[in-house]
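Visitor: Using my numbering, the letters of the sequence shown correspond one by one to residues 763 to 1313. Quick one: the structure is below, questions incoming.
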Amino acid sequence: MDDSDRSRHPYCIWNPDIAAEDTYRQLALRFPSMRYQVGRACAAAGYDGLYAELDLLPDVSIAEEARESETPGGEIIFKMIMVAPYRYAIMNDYDLSINLDSKNPGAPAFLNGHTTVRWKLQRRKELQQKAYNFRIRRVRTWKWSIEEDDHLDEKESYWPQKYNILTPEEVQLLYTPLPQDLPTMKKDLLIQMAAHGGNVDRYARLASYWPMGEVERVCVIRGIYYNTMFARFWAEEIKKNTRRVQGLKHNGLSLVKEAISARRIMINDVEEFINGWPEDEPQPRVIWKPLQPCEHVLKLLAERVPSMKKTAALACIFCDYEDAYNEINCTPHPDLAIAAGRSHNPFYRRDIEQKAAEQGIDLFKEYTTPIWLDESLETLTSHSMHDTLGSGMSPCWSDNIWKNLESVFGGDVPEDFHVQLYVWAPPERLRLLEICESHCHCPAMCYPDYEENWEEYVERAKLRKEHEKRRERHRKVRQAAELRRPGESEEALQARKKAYFWRYNGRVCAGEPKWIEHARKVREEYEAIVAREGGELSEQELSSPGSLGGW
763 MDDSDRSRHP YCIWNPDIAA EDTYRQLALR FPSMRYQVGR ACAAAGYDGL
813 YAELDLLPDV SIAEEARESE TPGGEIIFKM IMVAPYRYAI MNDYDLSINL
863 DSKNPGAPAF LNGHTTVRWK LQRRKELQQK AYNFRIRRVR TWKWSIEEDD
913 HLDEKESYWP QKYNILTPEE VQLLYTPLPQ DLPTMKKDLL IQMAAHGGNV
963 DRYARLASYW PMGEVERVCV IRGIYYNTMF ARFWAEEIKK NTRRVQGLKH
1013 NGLSLVKEAI SARRIMINDV EEFINGWPED EPQPRVIWKP LQPCEHVLKL
1063 LAERVPSMKK TAALACIFCD YEDAYNEINC TPHPDLAIAA GRSHNPFYRR
1113 DIEQKAAEQG IDLFKEYTTP IWLDESLETL TSHSMHDTLG SGMSPCWSDN
1163 IWKNLESVFG GDVPEDFHVQ LYVWAPPERL RLLEICESHC HCPAMCYPDY
1213 EENWEEYVER AKLRKEHEKR RERHRKVRQA AELRRPGESE EALQARKKAY
1263 FWRYNGRVCA GEPKWIEHAR KVREEYEAIV AREGGELSEQ ELSSPGSLGG
1313 W
């Protein structure tokens, strides 16, 4: 292989396995243009001696790899890079490129968490042959994976749990100015909350160029609905067709455009539609929250964009603009009837029902209320939280399979309530939460009032944990009862299963006399069968407190 032909050089040479230090040394001698890949491998492995020999420019990707390797040598390499007066962006994990151009070495550069460090590569997707038989599944690009394998493996795997939990220092990054060099790689939650609040500076700095995940997309759309400057930022991104826009999956781009248009209408920007609506551009469905546009804007919208006449009428109902509603004079529609039914003003309902009767329209024939008409743009849905904060929000899954198609978010809204509560929690409360969590994984689901009755909750949680231990012991006993014993007939086996079933029946355990008597009869039937066959109850059944003999 010719050293000048960089297109044939591998990018990642430090995962899944790390080579010996001398192997990397020989590689750097034979292929000098791969010295930075070797330097990155040294950072992952902790080969600080070889790294010093390479005489590389201090690169931010190598620095982050060294810091996250958690090796003594990696710590030395990290300090060597950080004490340099300037740092450079030589390696680019997005492009899988090495910038060796001396005229533009990417300086000054700062640590920003853009490196795909080695522990992130432990998350793998299972390769399923059936899925890859479909053309849509085969159209994949390896450029998003530094190993150029699309993160595939024989079995699905995840990175260690510690990388899913934020430390107290990392939590502080949510509400304090970001340092020049980001001290963590766990920035999913930082990105999501920046998008959620429409913070242009934080989002532009933190967001990666990988394809946007569902949670981030939902947060971006929410931020656009609530923040004009964030909407303007995304409009510019779309205009330039940046990599951030190219990374939007599925119908994400259409939903972002819809949110931008909705925000412009809500702030009474008539330039968005004054000359009609462009063909093939998505029209917004929700234009009355979180801001309410003026009446004249809605009338002008219905006039200039006839296809949005119903949307304008909906906004008039939700904003209680009677005059504008009458002037728009929209044909009765089930969506309008639903909105009118929720209005405090009875005028709209009477008007729609009267018009529908006059025009012979059956409003609710084969009609289902669309998701977006009921959808809340807020995500705060609870008052509870856990003792730790995850590195990213998760979607709040629903049973409605059409939500991805009908929602203005294009999916389920993530739950952000625990994040907003967590940043206000004092250390003593987090410690008490930790005690509660040790007895029950989700306190709020078991005891909704636990936050107001901490001491009582802890005692109840301890009892619950003991109860779960007893249930586990009983489960093992019942599991053993399913196995046939040597010389045991089918009749005896079924009788024993039945006896054990009633031994652990809830009503029997609760002490209800009727069912206790029934359980005793079942046990006696089992004992009679055993005696008839010349067998005997096992010693465990006679002695164990949780056995048949313990009744």
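Glycine included, every Cβ here is placed at the ideal spot set by N, Cα and C.
So, is aspartate 810 buried or exposed, given that buried needs 16 or more other C-beta atoms within 10 angstroms?
Guide: Buried, because 16 or more other Cβ atoms sit within 10 Å of the Cβ of aspartate 810.
Visitor: Grab me the residues of valine 962's own chain with a C-beta within less than 7 angstroms of its C-beta, minus the 5 sequence neighbours each way, in chain order.
Guide: So the qualifying residues of the chain are Met991, Phe992 and Phe995.
Visitor: Excluding sequence positions up to five away, which residues of its chain have a Cβ less than 8 angstroms from the Cβ of arginine 768?
Guide: Counting only Cβ-Cβ distances below 8 angstroms, and skipping sequence neighbours, we find Ser795 and Ile860.
Visitor: Leaving out five residues before and five after valine 1032 in sequence, what residues of the same chain have Cβ atoms less than 7 angstroms from its Cβ?
Guide: Here the set comprises Val1059 and Leu1062.
Visitor: May I ask you to verify whether the region 774 to 794 touches the region 802 to 819, counting CB pairs closer than 8 angstroms and requiring at least 3?
Guide: They touch, by the three-pair rule.
Visitor: Between the region 937 to 952 and the region 911 to 921, can you find at least three pairs of beta-carbon atoms closer than 8 angstroms?
Guide: In short, these stretches do not touch, since the Cβ pair count stays below three.
Visitor: State yes or no: is the beta carbon of tryptophan 1277 nearer than 8 angstroms to at least one beta carbon in chain D?
Guide: Among the chains in the structure shown there is no chain D, since it carries only a single protein chain.
Visitor: May I ask which residues mark the beginning and end of the alpha helix (DSSP H) holding isoleucine 852?
Guide: No alpha helix (DSSP H) contains isoleucine 852, which DSSP labels as neither H nor E.
Visitor: To the nearest whole angstrom, what separates the beta carbons of tyrosine 850 and aspartate 821, a pair I think is in contact under 8 angstroms?
Guide: Yes, tyrosine 850 and aspartate 821 are in contact; Cβ-Cβ is about 6 angstroms, under 8 angstroms.
Visitor: Since asparagine 1088 is in the alpha helix (DSSP H), which residue starts that stretch and which ends it?
Guide: Here the alpha helix (DSSP H) through asparagine 1088 covers 1084 to 1090.
Visitor: With distances taken between CB atoms, is the gap from arginine 1025 to isoleucine 986 smaller than 8 angstroms?
Guide: Going by C-beta atoms, arginine 1025 is nearer than 8 angstroms to isoleucine 986.
Visitor: With DSSP as the reference, label arginine 886 as helix, strand or coil.
Guide: Three-state result, arginine 886: strand.
Visitor: Beta-carbon within less than 8 angstroms of arginine 833's beta-carbon, same chain only, minus the 5 sequence neighbours each way: which residues are those?
Guide: First, the residue type needs correcting, since residue 833 is threonine and not arginine in the sequence shown. Ala807 and Gly808.
Visitor: If you follow the alpha helix (DSSP H) that threonine 1073 is in, where does it begin and where does it stop?
Guide: Note, threonine 1073: alpha helix (DSSP H), 1071 to 1081.
Visitor: Got a sec? Which residues, its chain only, sit under 6 angstroms from alanine 1118 by beta carbon, not counting five neighbours each side?
Guide: Answer for alanine 1118: Pro1094 and Leu1125, listed in chain order.
Visitor: How many Å lie between leucine 1192 and proline 939 at the Cα?
Guide: The alpha-carbon atoms of leucine 1192 and proline 939 are separated by roughly 23 angstroms.
Visitor: Leaving out five residues before and five after aspartate 1085 in sequence, what residues of the same chain have Cβ atoms less than 7 angstroms from its Cβ?
Guide: Excluding residues within five positions, the ones whose Cβ falls inside 7 angstroms are Glu1057.
Visitor: If the criterion is Cβ atoms closer than 8 angstroms, does the pair cysteine 1081 and isoleucine 1090 meet it?
Guide: In this structure, isoleucine 1090 does not lie closer than 8 angstroms to cysteine 1081 by Cβ.
Visitor: As a quick exercise: from Ala871, Glu918 and Lys1002, pick the residue whose alpha carbon is nearest that of glutamine 890.
Guide: Per the Cα distances, Glu918.
Visitor: Since glutamate 1253 and isoleucine 1291 should fall inside the 8 angstroms C-beta cutoff, what is the C-beta to C-beta distance between them, to a whole number of angstroms?
Guide: Right, their Cβ atoms sit about 6 angstroms apart.
Visitor: Leaving out five residues before and five after arginine 787 in sequence, what residues of the same chain have Cβ atoms less than 6 angstroms from its Cβ?
Guide: Leu812, listed in sequence order.
Visitor: Given a cut-off of 8 angstroms on the beta-carbon distance, is the pair leucine 1017 and valine 845 in contact?
Guide: Cβ distance not < 8 angstroms, so leucine 1017 and valine 845 don't count as in contact.
Visitor: Near glutamine 1054, what residues of its chain come up, given a Cβ to Cβ distance below 6 angstroms and the 5 sequence neighbours on each side ignored?
Guide: Counting only Cβ-Cβ distances below 6 angstroms, and skipping sequence neighbours, we find Cys1081.
Visitor: So, at 8 angstroms on beta carbons, what are the nonlocal neighbours of tryptophan 1050 in its own chain, with the 5 sequence-adjacent residues on each side left out?
Guide: Excluding positions up to five away in sequence, the list reads Met1028, Leu1076, Ala1077, Phe1080 and Cys1081.
Visitor: When DSSP builds the beta bridges, which residues end up paired with serine 919?
Guide: Paired residues: Arg886.
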